[in-house]
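Notes follow once the structure below has been shown.
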């Protein structure tokens, strides 16, 4: 009898539990929305202009939203959100960029294909890809990074692609002027002045800047002076056809304090044992770009450019454990003359239903020439970049380089998720 009563109680409890489970409370729908925040970093879009970034490891840095010292191109602050970078702050004023991918040397970013607005800016993109010129961070809109083998379309560099996208003039104003004057320790002074706007019935967009930077370092014999200028003109001949012309000038002169032995560094790392070492860079970039929009799904981009630059090193360049007793200095002179042209065609089409697939094809031609000379300089202490005699007495080489490449890429959009 007790067992029967127990079964009955269990049955009643089970029925009550099941009936309770059938009761569902439906809440009123609530929609939560917010404006997209001003992010500093993120990923590139799958399709950007005439480039495909889908399925690739990419990074983007929005300079307008970043909290960093842009006056000195502070590398560790600007690239802090990019994982896996080796950062080497080589000089005191941000004159040269030194970053490397995982396990790669950051020396003058030689393991990255460095570009500005889509064209090469390094000494020789193939044979000597060291970056003696770094764009002013105050003039940048964003930095685009494509990592590793995903950047093979842009060059054979193991680290990937770094593309500096410069600012343009405001579209809603005929003239805008910006000036920033920055001072800092060890005599740092940076003057950045820019102007831009859109005129000619909204057809002509222009932007330009001039920057002067000077300073010293916490070590003696470290003074530097840099001049940097940039001009951008973009004219819309028709709603479908646009031509853009750009010119970049950068030059600087820096005194170099030289290295130290381990013993000297341990005793006093602020000393300098070289007072006659100098380094000079002169960079000129000219670019012409054309964009044609066949339709909202098809466009063509053609860019051609030239780099005419030089790099000069003068001083006592022997082992640092050997004192400078005076006498003639070593003088190394490089001259760079590069030309390049790149054509890119992109088309979006329907492969499955209304889903857009994308096809990209292009061609690139490049020709570079490096003239490298080394010989004796004078025995003075000033920045006198001349050889003793008419020709260098140690070496004189010419390094030509030519490249022709074709590339094609396609995104097959099978469904909305794949």
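Numbering (this note's numbering), first residue to last: 2 to 419. No residue lacks a Cβ here, since even glycine has one placed at the ideal position from N, Cα and C.
Under DSSP, residue 184 shares a beta bridge with 190.
Taking all protein chains in view, the Cβ of residue 415 is surrounded by fewer than 16 other Cβ atoms within 10 Å, so the residue is classified as exposed. For residue 266, the enclosing alpha helix (DSSP H) covers residues 263 to 268. Inter-segment contact for the segment 303 to 310 and the segment 269 to 278 is absent: fewer than three beta-carbon pairs are separated by less than 8 angstroms. In this structure, residue 412 places its C-beta atom within 7 angstroms of the C-beta atom of residue 55. Cα atoms of residue 345 and residue 324: separation of roughly 55 angstroms, rounded to the nearest angstrom. By the Cβ-count criterion, residue 320 is exposed, with fewer than 16 other Cβ atoms from all chains shown falling within 10 Å of its own Cβ. With contacts defined by Cβ atoms closer than 7 angstroms, residue 252 and residue 233 do not form a contacting pair. Rounded to whole angstroms, the gap between the alpha carbons of residue 216 and residue 255 is 10 angstroms.
Two segments are said to touch when three or more pairs of C-beta atoms, one from each, lie closer than 8 angstroms; by this definition the segment 161 to 178 touches the segment 189 to 207. In this structure residue 165 touches residue 141 by the C-beta definition: roughly 6 angstroms separates them, less than 8 angstroms.
Residue nearest to residue 74 within the set 45, 189 and 52 is 189 (criterion: CA-CA distance). Proximity to residue 57 across 69, 145 and 404 peaks at 145, based on C-alpha coordinates. Residues of the same chain with a CB within less than 6 angstroms of the CB of residue 282, apart from the 5 flanking positions on each side, are 133, 253 and 312 in chain order. Within 10 angstroms of the beta-carbon of residue 279 lie 16 or more other beta-carbons, which makes it buried. For residue 79, the enclosing alpha helix (DSSP H) has its first and last residue at 76 to 79.
One thing to note: residue 160 has its Cβ no nearer than 7 angstroms to the Cβ of residue 98.
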